[in-house]
Structures are given as structure tokens and as C-alpha cells.
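Undergrad:
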Amino acid sequence: MQPLIDIANQVHALEKKVQKEGHSGSGYLRHIQRIRQSLAELGTTFHSPEGERYTETRTDVEASVAGESMGNLTITQVIKPIVSQHGQIVQAGIVIVERV
-13 MQPLIDIANQ VHALEKKVQK EGHSGSGYLR HIQRIRQSLA ELGTTFHSPE
37 GERYTETRTD VEASVAGESM GNLTITQVIK PIVSQHGQIV QAGIVIVERV
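Laid out in C-alpha cells, this is it:
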């Protein structure tokens, strides 16, 4: 199980790097999607909650708060994605949240 989680973390890191590069890395996205599909066939999926609203009641992420912790908080950076195997969370996401 841990090797599949490690692969999901590495694919997430690759996706972030390719997205930062823009069009120059777009050819890699197709390969990354194939790896995602293969992981899903093995029952492992992962999700980046970047841009989602954060509340203290969320159990699927471990958050570090940047700035004020009052008000509407949004996940602004994902260090590690939420990883699930056969529909059950096996790794909580590690995120940074901010008031936006």
C-alpha cells in the first residue's frame, strides 16, 4: 500500500511542476494522466484540494494557517494530496490555508 501512496505523491509533485511550466510541459500531462488512470485501476486515487474552502471540521487535510486564522479560509497550497484506496482515505492532505 505505501508504494502506491508514494507514487501518488510523486505524480502530484510532477503535475504541479508541469502546470508551473505552462505549455512547455503540456506533453507530459498526457503521460501523467495515464499514470493516474493506472493507479485508479489499482484502487488508488488522489485529489489536490487547492482552492477549496477550509474549515476546522475537515478531517481529510492537516492544515498550517498562514496569516490570520479568522474568517473565510481557503486552501492556497497543497504539499501532499489526499490519497484514497478503494474509497477510504489512507493519507490526509497536507495543506497551507490563508484568508483570501
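Numbering (my numbering), first residue to last: -13 to 86.
C-beta atoms are modelled at their ideal positions from N, C-alpha and C, and glycine is treated no differently.
Please read these numbers as outputs of a predicted model, since none were measured by experiment.
Cβ of T41 versus every heavy atom of the ligand ATP: is any distance shorter than 8 Å?
TA: With respect to small molecules bound, the structure shown includes none, and the ligand ATP cannot be examined in it.
Undergrad: What do you reckon, are the CB atoms on S24 and H(-2) nearer than 9 Å?
TA: Locating residue 24 in the sequence shown gives position 38, counting from the first residue. Locating residue -2 in the sequence shown gives position 12, counting from the first residue. Cβ atoms of S24 and H(-2): not closer than 9 Å.
Undergrad: Compare the C-alpha of H87 against each of V69, E1, E7 and name the closest.
TA: Shown here, the chain extends from -13 to 86; a query on residue 87 therefore has no answer.
Undergrad: Less than 8 Å between the CB atoms is what I'm expecting for V81 and I65, so what's the real figure, rounded?
TA: As a working note, residue 81 is residue 95 in the sequence shown. As a working note, residue 65 is residue 79 in the sequence shown. Between I65 and V81 the Cβ distance is about 7 Å, and since that is below 8 Å, they are a contact.
Undergrad: Could you compute how far the alpha carbon of G8 sits from the alpha carbon of Q(-4)?
TA: Position 22 of the sequence shown, counted from the first residue, corresponds to residue 8. Position 10 of the sequence shown, counted from the first residue, corresponds to residue -4. Taking the straight line from one Cα to the other gives about 19 Å.
Undergrad: Is DSSP giving A26 helix, strand or coil here?
TA: On the sequence shown, residue 26 is found 40 positions in, with the first residue counted as 1. If DSSP states are grouped into helix, strand and coil, A26 belongs with the helices.
Undergrad: Considering only their Cβ atoms, is the gap separating R39 from T62 smaller than 9 Å?
TA: The sequence position of residue 62 within the sequence shown is 76, counting from 1. The sequence position of residue 39 within the sequence shown is 53, counting from 1. No, these two residues do not count as a Cβ contact at 9 Å.
Undergrad: Compute the distance between the beta-carbons of I(-7) and T30, then report whether it is under 9 Å.
TA: Residue mapping note: residue -7 aligns to position 7 of the sequence shown, counting from 1. Residue mapping note: residue 30 aligns to position 44 of the sequence shown, counting from 1. It is a contact, given that the beta carbons lie within the stated cut-off.
Undergrad: Can you give me the start and stop residues for the alpha helix (DSSP H) that E7 sits inside?
TA: The sequence position of residue 7 within the sequence shown is 21, counting from 1. Where E7 is concerned, the enclosing alpha helix (DSSP H) stretches over -12 to 7.
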